[in-house]
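**Student:** Got a structure for you, written out below as structure tokens; questions coming shortly.
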Amino acid sequence: MTDTIKVLFRLFILIFYMRISTSLDSLAVNQSIRDGQTLVSANGTFEIGFFSPGNSKGRYLGMWYKNLTPLTAVWVANRETPVHNNSGVLKLNENGVLVILSGANSTVWSSKISETVFVNNSINAQLLDTGNLVLKNGKDYILWQSFDYPCDTLLPGMKLGWNLVTGLNKIQSSWKSTDDPAKGEYSSGVDLRGYPQVVIMKGSAIKLRVGSWNGRSFTGYPTQPLKKKQIFEFVITDKEVYHRYEVVDRSMICVYRLSLTGNLQALCWTSHSSSRIVIYTVAEDSCDNYAMCGANSICNMDGNVPKCECLKSYVPKFPEQWNISYWSGGCVPKIELVCGNNNTSVFLRYIEMKLPDTSSSLYNKTMNLVECQKVCMKNCSCTSYANMDIRKGGSGCLLWFGDLVDMRVISQWGQDLYIKVPSSELDYFSVEVPGSTKKRLMRITVGLITIGFFTLAPRLYRRAPFQKRQVYSRLIKEDMDLPIFAFSILVKATNNFSSTSKLGEGGFGPVYKGRLVDGKEVAIKRHSKVSDQGLEEFKNEVVLIAKLQHRNLVKLLGCCIHKEEMLLIYEYMPNKSLDYFIFDETRSKLLGWTHRSHIIAGIARGLLYLHQDSRLRIIHRDLKTSNILLDAHMIPKISDFGLGSNIWGRSS
Numbered sequence: 001m002t003d004t005i006k007v008l009f010r011l012f013i014l015i016f017y018m019r020i021s022t023s024l025d026s027l028a029v030n031q032s033i034r035d036g037q038t039l040v041s042a043n044g045t046f047e048i049g050f051f052s053p054g055n056s057k058g059r060y061l062g063m064w065y066k067n068l069t070p071l072t073a074v075w076v077a078n079r080e081t082p083v084h085n086n087s088g089v090l091k092l093n094e095n096g097v098l099v100i101l102s103g104a105n106s107t108v109w110s111s112k113i114s115e116t117v118f119v120n121n122s123i124n125a126q127l128l129d130t131g132n133l134v135l136k137n138g139k140d141y142i143l144w145q146s147f148d149y150p151c152d153t154l155l156p157g158m159k160l161g162w163n164l165v166t167g168l169n170k171i172q173s174s175w176k177s178t179d180d181p182a183k184g185e186y187s188s189g190v191d192l193r194g195y196p197q198v199v200i201m202k203g204s205a206i207k208l209r210v211g212s213w214n215g216r217s218f219t220g221y222p223t224q225p226l227k228k229k230q231i232f233e234f235v236i237t238d239k240e241v242y243h244r245y246e247v248v249d250r251s252m253i254c255v256y257r258l259s260l261t262g263n264l265q266a267l268c269w270t271s272h273s274s275s276r277i278v279i280y281t282v283a284e285d286s287c288d289n290y291a292m293c294g295a296n297s298i299c300n301m302d303g304n305v306p307k308c309e310c311l312k313s314y315v316p317k318f319p320e321q322w323n324i325s326y327w328s329g330g331c332v333p334k335i336e337l338v339c340g341n342n343n344t345s346v347f348l349r350y351i352e353m354k355l356p357d358t359s360s361s362l363y364n365k366t367m368n369l370v371e372c373q374k375v376c377m378k379n380c381s382c383t384s385y386a387n388m389d390i391r392k393g394g395s396g397c398l399l400w401f402g403d404l405v406d407m408r409v410i411s412q413w414g415q416d417l418y419i420k421v422p423s424s425e426l427d428y429f430s431v432e433v434p435g436s437t438k439k440r441l442m443r444i445t446v447g448l449i450t451i452g453f454f455t456l457a458p459r460l461y462r463r464a465p466f467q468k469r470q471v472y473s474r475l476i477k478e479d480m481d482l483p484i485f486a487f488s489i490l491v492k493a494t495n496n497f498s499s500t501s502k503l504g505e506g507g508f509g510p511v512y513k514g515r516l517v518d519g520k521e522v523a524i525k526r527h528s529k530v531s532d533q534g535l536e537e538f539k540n541e542v543v544l545i546a547k548l549q550h551r552n553l554v555k556l557l558g559c560c561i562h563k564e565e566m567l568l569i570y571e572y573m574p575n576k577s578l579d580y581f582i583f584d585e586t587r588s589k590l591l592g593w594t595h596r597s598h599i600i601a602g603i604a605r606g607l608l609y610l611h612q613d614s615r616l617r618i619i620h621r622d623l624k625t626s627n628i629l630l631d632a633h634m635i636p637k638i639s640d641f642g643l644g645s646n647i648w649g650r651s652s
């Protein structure tokens, strides 16, 4: 009897120990869990363990809500490299790295740590109640976290977007199939070009725009059924650009899943049911498809059928195709706008609109709508404007240049969009909003009325004082037809202005080689705080080069003003500058007399254009071999106009 009691007691201890060991929420160094064991967050919400999705025979380390059925993985660690049997082990190894090991003790996955850490007993991996698996050094310092590597599911509190310091882009990506959690062809994330916006991609092409943030919602999908149960935010800072959400109603669980077909769905579970339900899908009709109607056209649903109409004063680019409902060619202006004459252009107000693609837009948070209109009127390339933030009567300025793409009518919830049109093309009384059953009166602001309104505007609006470095507003107000780059794009292009990207340094400051999102190589000149050159030289360079076009002048692609930062973006010259060759004993031998004569002739042509043939007539005042750049074909390009002088019609 005594022996029986001892056996039962030992069995009880063993079962109790196994229960405790498989209910842990964390791992210390050299601790592990095997296939069949799990980690469970402290309050029992989330669980991590090995599973096989669908009909797959592979084993994956996944995370799911513990008490929900069916098992729905919200994160998968080794999504590209399954374990092919039940021998998988999750371990926090002696180096302080989370690893998944197979039966042969080979590593099939590991967490990524961007820094070298001193491994001690304070390092542990913990599954939090938020669904974030974190690797911590000490109590609060996070070395790695699963929230930085989303799969197909966005959880509450998870940030989707860019870390501009590290260059990490956190995106959702669909599964390949129900049996394979590897990355599929669809992804969702933040597009940093222009004013940041959320997009869904199919490969490298945009499938759908959720849109930019207007202070209350995303412009492409403002009618969110869960709006009162969730809080959304969109954050743009020097260090990160992201969006996230939190669930306010604690009686329900809601996640956003990117499906196999590229649809972004809100999946919810209520306290009354453990089964999931699809509350809504972001893409609901054909008008949500990106650029459904091509450029300068508005999509609206006529029942279940999409209908496209050109903007007022625009006509179909390909009429025959348009007439058979093939709209991808879009629309073009019936009459081109006359540049420089404010009296020939007016703004037409479209209401209830999904704002156009903002990837080619400019934005200014401090300007009001009146100032925004004035800037657009003065800039020949500006085609439209709107408020950035629609709260409290509206604030901020969004400007579009060139074609307007991916617009649609969103009844009751859309925004106001002001589109520049020739005054001669405007119906005086009213214009029908595409798809509307009623004629809606459009506010039309015309030349002299606009001038009178601008005169009164300072009394009606409190203008925020512009600091000396806020050249951005000055440039766009001075009719500068020049792209203005977001600082975050340049940070990413230069790998955070790393020393390996540095090409050299001049009087203005260091010059870096960068690669833009589209793969284009550029040279980025960054102002140095210790430079003798400053605001006036920067503005001089922008004003002069932007208005000059010649094959022997360096091409200015854009500029950037960001707090105290001033940057100029040029075409990249792979052969550096002339002094790189002629003052080096070895490289100078590469320049034969034929090359030298071509370079001399090119410089002369550039100077002749500056002094005589250009509309501005410029004296460079700082011409030297280091300011003669050479492209891939050794064609010389005159650069560095910071000290240049515009003499207009005066004799030189």
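Going left to right, the sequence shown walks through residues 1 to 652 as the UniProt record's numbering numbers them.
Note that CB positions come from ideal geometry on N, CA and C, so glycine has one too.
Among 601, 554 and 596, which has the Cα closest to the Cα of residue 620?
**Tutor:** 554
**Student:** Suppose you measure from the CA of residue 365 to the CA of residue 216; what does that come to, to the nearest Å?
**Tutor:** 16 Å
**Student:** For residue 194, count the other beta carbons within 10 Å of its own beta carbon; 16 or more makes it buried, fewer makes it exposed. Which is it?
**Tutor:** buried
**Student:** What ranges does the alpha helix (DSSP H) occupy inside the UniProt domain "Apple" (339–422), keeping only unbroken runs of at least 4 residues that lie completely in it?
**Tutor:** 369–378
**Student:** Please report the straight-line C-alpha distance between residue 315 and residue 58, rounded to a whole angstrom.
**Tutor:** 56 Å
**Student:** Who does residue 90 pair with in a DSSP beta bridge?
**Tutor:** 33 and 100
**Student:** Based on the DSSP secondary-structure assignment, which residues constitute the bridge partners of residue 125?
**Tutor:** 27 and 135
**Student:** Entirely within the stretch 547–626 and at least 3 residues each: give me those beta strand (DSSP E) ranges in chain order.
**Tutor:** Fully contained in the stretch 547–626 are the following beta strand (DSSP E) runs of length 3 or more, in chain order: 556–562 and 565–571.
**Student:** I need the straight-line Cα distance from residue 453 to residue 384, nearest angstrom please.
**Tutor:** Summary for residue 453: the model assigns pLDDT 34, below 50, so the residue's position carries little reliability, and this model does not support an answer.
**Student:** So is residue 251 buried or exposed if we call it buried at 16+ other beta carbons inside 10 Å?
**Tutor:** Exposed.
**Student:** What separation, rounded to the nearest whole angstrom, lies between the Cα atoms of residue 303 and residue 386?
**Tutor:** Computed Cα separation, rounded: 29 Å.
**Student:** Using 8 Å as the threshold, is the C-beta distance between residue 356 and residue 400 below it?
**Tutor:** yes
**Student:** Taking the beta strand (DSSP E) that residue 493 falls in, what are its first and last residues?
**Tutor:** Careful: residue 493 lies outside any beta strand (DSSP E), inside the alpha helix (DSSP H) at 487–493.
**Student:** Leaving out five residues before and five after residue 460 in sequence, what residues of the same chain have Cβ atoms less than 6 Å from its Cβ?
**Tutor:** With a pLDDT of 33 at residue 460, under the threshold of 50, the modelled position of that residue is not reliable, and the figure given next carries that caveat. Cβ neighbours of residue 460 beyond the five flanking positions: none.
**Student:** In whole angstroms, what is the alpha-carbon distance linking residue 178 and residue 377?
**Tutor:** 53 Å
**Student:** Can you pull the DSSP bridge partners for residue 177?
**Tutor:** 180
**Student:** When you compare each of 504, 294 and 344 to residue 326 by their alpha carbons, which one comes out closest?
**Tutor:** 294
**Student:** Hey, would you say residue 165 sits closer than 8 Å to residue 496, going by beta carbons?
**Tutor:** Yes, the Cβ-Cβ distance between residue 165 and residue 496 is below 8 Å.
**Student:** What residues are listed by DSSP as bridge partners for residue 212?
**Tutor:** 197
**Student:** Taking 7 Å as the limit between beta carbons, can you name the residues of its chain near residue 640, skipping five residues before and five after?
**Tutor:** 506, 622 and 627
**Student:** Just to confirm my understanding: we take residue 405, look at its own chain, exclude 5 residues before and 5 after, and list those with CB closer than 7 Å. What are they?
**Tutor:** So the list reads 291, 295, 356 and 357, once near-sequence residues are dropped.
**Student:** In terms of DSSP beta bridges, what is residue 515 paired with?
**Tutor:** Per DSSP, 521.
**Student:** Return helix, strand or coil for residue 333, following the three-state DSSP convention.
**Tutor:** strand
**Student:** Consult DSSP for residue 165 and reduce its assignment to one of helix, strand or coil.
**Tutor:** It is coil, neither helix nor strand.
**Student:** For the 8 Å Cβ check, are there 3 or more pairs between the stretch 252–263 and the stretch 235–242?
**Tutor:** no
**Student:** So the candidates are 142, 140 and 241; which of them puts its Cα closest to the Cα of residue 168?
**Tutor:** Scanning 142, 140 and 241 for the CA closest to the CA of residue 168 turns up 241.
**Student:** Looking at residue 333: is its Cβ nearer than 8 Å to the Cβ of residue 245?
**Tutor:** no
**Student:** Just to confirm my understanding: we take residue 253, look at its own chain, exclude 5 residues before and 5 after, and list those with CB closer than 6 Å. What are they?
**Tutor:** 269
**Student:** Leaving out five residues before and five after residue 382 in sequence, what residues of the same chain have Cβ atoms less than 8 Å from its Cβ?
**Tutor:** 375, 376, 399, 400, 401 and 420
**Student:** Return the CA-CA distance between residue 441 and residue 360, expressed in angstroms with no decimal places.
**Tutor:** Confidence at residue 441 is low in this model, with a pLDDT of 33, below 50, so the placement of that residue should be treated as unreliable; the coordinate-derived value is given next. For residue 441 and residue 360, the distance between alpha carbons rounds to 29 Å.
**Student:** Out of 66, 587 and 286, point me to the one whose CA is closest to residue 576's CA.
**Tutor:** 587
**Student:** So is residue 84 buried or exposed if we call it buried at 16+ other beta carbons inside 10 Å?
**Tutor:** Residue 84 should be labelled exposed.
**Student:** Whose C-alpha, out of 574, 146, 600 and 196, is nearest the C-alpha of residue 632?
**Tutor:** Restricting attention to 574, 146, 600 and 196, the CA atom closest to the CA of residue 632 is found in 574.
**Student:** Which of the three DSSP states is assigned to residue 320 in this structure?
**Tutor:** helix
**Student:** Quick one, which of 486, 513 and 525 has its alpha-carbon nearest residue 664's?
**Tutor:** In the structure as shown, the chain begins at 1 and stops at 652. Residue 664 is therefore absent and cannot be evaluated.
**Student:** Is residue 80 helix, strand or coil when you go by DSSP?
**Tutor:** In the structure shown, residue 80 sits in coil (DSSP, three-state: anything other than H, G, I, E or B).
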